[in-house]
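See structure below.
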Amino acid sequence: MAAILSTWMIRTLAGNGELGCTGDGGPPTQARLNEPKGLTVDCHGNVYVADSENHIVRKVDRATGILSTVAGRRITQPRLPSSMVETASQRWVPISTSLRRLLWIGKGISISLIP
17 MAAILSTWMI RTLAGNGELG CTGDGGPPTQ ARLNEPKGLT VDCHGNVYVA
67 DSENHIVRKV DRATGILSTV AGRRITQPRL PSSMVETASQ RWVPISTSLR
117 RLLWIGKGIS ISLIP
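When you line the sequence shown up against our numbering, it's residues 17 to 131, in that order.
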C-alpha cells in the first residue's frame, strides 16, 4: 500500500510486497498483506485499510507507527472488505458486492452485517 506525499513522492505505507498476513505489533512496512484495498484516514491521522483477502481491517497508528488488526478474523468473517468510510464516531465498511451488505465495525473487533 502506497501513499502520495505532499511533495508528490510515493512511499510505501504498509506491506513488504510479499503475500500473507503478518506484522501486527510491528512496523507496517514489514507486514505481509493480501490484496489491500480501500482505505480511510480518521481525524487523528490513523490509516485504516481493508486487507481484503485476509478478511480483516488493519490500522496504521499515526502516533506509534505500529500496525494492528482492528476488525475481522481470517476464517470466520464474511469475505472481501473492499473499501471504508470513516465518520466522526463510527466506521462503516462496504464489503463484497456479492453480499450486497454493509458491515458495522463496533468497538474492539466485533463485526455485524447490516440487514
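Backbone N, C-alpha and C fix where the C-beta goes; we use that ideal spot for every residue, glycine too.
| Query | Result |
| --- | --- |
| Between Val63, Asn50 and Asp40, which has its C-alpha nearest Arg78's C-alpha? | Val63 |
| Kindly indicate which three-state DSSP category Thr80 falls into: helix, strand or coil? | coil |
| Quick one: what does DSSP say Pro110 is sitting in, helix, strand or coil? | With a pLDDT of only 48 at Pro110, under the threshold of 50, the placement of this residue in the model should not be trusted; the figure read from the coordinates follows. Pro110: strand per DSSP, three-state reduction. |
| How would you label Ile72, buried or exposed, when you count the other beta carbons within 10 angstroms and need 16 or more for buried? | buried |
| With a cut-off of 8 Å on the beta carbons, I'd call Val65 and Ala30 a contact; round off their distance for me. | 6 Å |
| Output yes or no for whether 8 Å exceeds the beta carbon distance between Pro44 and Val76. | yes |
| Are there 16 or more other CB atoms within 10 angstroms of the CB of Leu35, so buried, or fewer, so exposed? | exposed |
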